[in-house]
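See structure below.
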Amino acid sequence: MRKRVDSLKLKSILKYILPFIVVAVLFSVWYFKRRTVTVTDTRLMLGTVVEITVMGEAGERRDILYEAVESAFLKIAEIETIADRHTAKSEISKLNRMAKEGELGPIPVSDEIIEMLDLSRIVSERSDGAFDITVAPIIDLWDFSSDGKGRVPDEDEIRKRLKLVDYRNVAVEKGTKEVSFRKTGTRLDLGGIAKGYAVDEAAEVLRKLGIKSGVVNAGGDIAVIGYKGGGKKGGDPWRIGIQDPRNPKGLIAVLRLNDASVVTSGDYERYFIENGKRYHHIIDPKTGYPSDSSISVTVVAKNTALADALATAIFVLGPERGLRLVKDFAEKTGDGENSVEALIVGPKGKLFKTEGLSKIMEYLD
Ligand code: AMP
Ligand code: MG
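Per my numbering, residue 2 is the first one in the sequence shown, and the count goes up by one each step.
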């Protein structure tokens, strides 16, 4: 008799809670299905913080995603070994030493150096020398190390060293993969393009390993792969915040992007203040002094190396000439006008942008 009462009780309890159990199970299945696996890792490389994030669909193995991230970091380390002129053994240091000793070539170089030098040459030509990797002797006069204790160099010394700055003194032979110098003492600095190039290479490694959704961010040089979360077309685009150059915690815009690169160059990255004036690391190759033409420049393109070089070039050219360079680039590359977009904070803080940027930009109050 007692047993029968218990079973009746159980039945009536089940009647009430069963629907809740069913809903909970269905919710868990739905939640598990839509959930993505995210792996993020951060390393100090390329003189900055490099962060790589990859996303896989639910059930994807985390260790495989980790391996992909590790391979991407290895690729970045490889590019750094080639392009860092402050490492004696790097390829670029070797080239600089040869040019110093009057060995002007032709000198055989790696595919990576050829690609970076060739893209540099194109951006130099189209920007009328605003981007110029032979600016190294001038950079070495300034001290923009992050402690902000640099000093303005001697004017005569700047003038003397300016004679060594001319991108036309470097000839790149793509066919034979050789570089020649036209002037003894020419010195190359890939600081304005190598980060972007390394980001492209890392993104390529991730793609080849099957990653369909991810971000490679080397201190503001960013490539996004696919859409956020599993990379399904039609998913959410990645939202990339663009820093307010005068407020490290603020943003001036948020860009919505998929399969694209975005790079920002700013006067707030490495600088010092002397007598109330800001001296920063983007040099006008015509004067040898930091450029006053912009405060920050953001470029969106399909390729991070190009966005990197263009951001530096546009910074030096200033908003009006910079926007013309973007247009000229889009037309000459034949990709249509929207292949390159830019957002420029002018010297007085005014915002300038290309027409197509509005389509991917979220306005902030
Ligand atoms: P970014 O942060 O990409 O604008 O690059 C700035 C870095 O590029 C500097 O730290 C220098 O190493 C180098 N650089 C500075 N001015 C120029 C220039 N006008 N053209 C090419 N590279 C430059
Ligand atoms: Mg750059």
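Every residue gets a Cβ at the ideal spot worked out from N, C-alpha and C, and that includes glycine.
Just so we're clear, the structure is a prediction, and the values are computed from it rather than from any experiment.
Residues of its chain near residue i, where Cβ-Cβ distance is below 6 Å and the 5 sequence neighbours each way are ignored
{"i": "A203", "result": "A73, K76, I77, V217"}
{"i": "A100", "result": "F182, T187"}
{"i": "H87", "result": "none"}
{"i": "K184", "result": "N170"}
{"i": "G57", "result": "V38, L66"}
{"i": "G242", "result": "L252, V255"}
{"i": "I114", "result": "E92"}
{"i": "N248", "result": "none"}
{"i": "L163", "result": "G289"}
Beta strand (DSSP E) segment containing residue i, residue limits
{"i": "K354", "result": "352 to 354"}
{"i": "V317", "result": "That residue, V317, is in no beta strand (DSSP E); its alpha helix (DSSP H) goes 305 to 318."}
{"i": "A172", "result": "171 to 174"}
{"i": "T88", "result": "T88 -> no beta strand (DSSP E), and no H or E assigned at all."}
{"i": "H281", "result": "278 to 281"}
{"i": "R367", "result": "With the chain represented from 2 up to 366, any question about residue 367 goes unanswered, as that position is not in the structure."}
Residue range of the alpha helix (DSSP H) that includes residue i
{"i": "G197", "result": "195 to 209"}
{"i": "L66", "result": "63 to 84"}
{"i": "A100", "result": "92 to 101"}
{"i": "L162", "result": "Reading off the sequence, residue 162 comes out as Arg, not Leu. Start and end: 156 to 163."}
{"i": "A137", "result": "137 to 140"}
Assumed close pair residue i, residue j - CB separation to whole angstroms, cut-off 8 Å
{"i": "I139", "j": "G289", "result": "5 Å"}
{"i": "D285", "j": "V317", "result": "5 Å"}
{"i": "A84", "j": "L191", "result": "5 Å"}
{"i": "E179", "j": "I108", "result": "6 Å"}
{"i": "I296", "j": "G347", "result": "7 Å"}
{"i": "Y198", "j": "I80", "result": "6 Å"}
{"i": "A312", "j": "V264", "result": "5 Å"}
{"i": "G215", "j": "V55", "result": "4 Å"}
{"i": "I361", "j": "F353", "result": "No, I361 and F353 are not in contact; Cβ-Cβ is about 16 Å, not under 8 Å."}
{"i": "L413", "j": "L189", "result": "In this structure the chain extends from 2 to 366, so residue 413 is not present and cannot be described."}
{"i": "G277", "j": "V298", "result": "That pair is no contact at about 24 Å."}
{"i": "Y168", "j": "I134", "result": "7 Å"}
{"i": "T49", "j": "A219", "result": "6 Å"}
Sequence-distant residues of the same chain with beta carbon closer than 7 Å to residue i, five excluded per side
{"i": "D245", "result": "G251, L252, I253"}
{"i": "S13", "result": "none"}
{"i": "L120", "result": "I194, A306, L307, A310"}
{"i": "Y67", "result": "V40"}
{"i": "G151", "result": "W143, D144, F145, F273, Y280"}
{"i": "R240", "result": "V255, R257"}
{"i": "G293", "result": "First, the amino acid is wrong: residue 293 is Asp here, not Gly. Counting only Cβ-Cβ distances below 7 Å, and skipping sequence neighbours, we find P348."}
{"i": "V70", "result": "V40, D42, I53, V55"}
{"i": "D222", "result": "K196, G197, V200, V264, T305, D309"}
{"i": "R63", "result": "V38, V40"}
Identity of the residues DSSP links to residue i by a beta bridge
{"i": "W239", "result": "L258"}
{"i": "P109", "result": "E179"}
{"i": "A219", "result": "V51, D222"}
{"i": "A131", "result": "None, per the DSSP bridge assignment."}
{"i": "I253", "result": "Answer is none; I253 lacks a bridge partner."}
{"i": "T299", "result": "T265, L344"}
{"i": "Y272", "result": "H281"}
{"i": "E1", "result": "Since the first residue shown for the chain is 2 and the last is 366, residue 1 is missing from the structure and cannot be characterised."}
{"i": "P20", "result": "Beta-bridge pairing links P20 to no other residue."}
{"i": "E58", "result": "T37"}
{"i": "D245", "result": "N248"}
{"i": "P291", "result": "I284"}
{"i": "K1", "result": "The chain is shown only over 2 to 366; residue 1 falls outside these bounds and no answer can be derived."}
{"i": "K229", "result": "D237"}
Classification of residue i by the beta-carbon crowding that lies within 10 angstroms, buried from 16 upward
{"i": "Y364", "result": "exposed"}
{"i": "D112", "result": "exposed"}
{"i": "Y17", "result": "exposed"}
{"i": "I22", "result": "exposed"}
{"i": "E43", "result": "Before going further, note that residue 43 is Thr rather than Glu in the sequence given. Exposed is the call here."}
{"i": "V26", "result": "exposed"}
{"i": "A59", "result": "exposed"}
{"i": "A137", "result": "buried"}
{"i": "S128", "result": "buried"}
{"i": "P291", "result": "buried"}
{"i": "S8", "result": "exposed"}
{"i": "K229", "result": "buried"}
{"i": "L11", "result": "exposed"}
Same chain only: Cβ atoms within 8 Å of residue i, ignoring 5 sequence neighbours per side
{"i": "V327", "result": "V300, L311, I315, V341, E342, A343, T355"}
{"i": "A261", "result": "A224, V225, V301, A302, K303"}
{"i": "E116", "result": "Y198, A306"}
{"i": "G149", "result": "Y272, F273, I274"}
{"i": "G350", "result": "R247, I296"}
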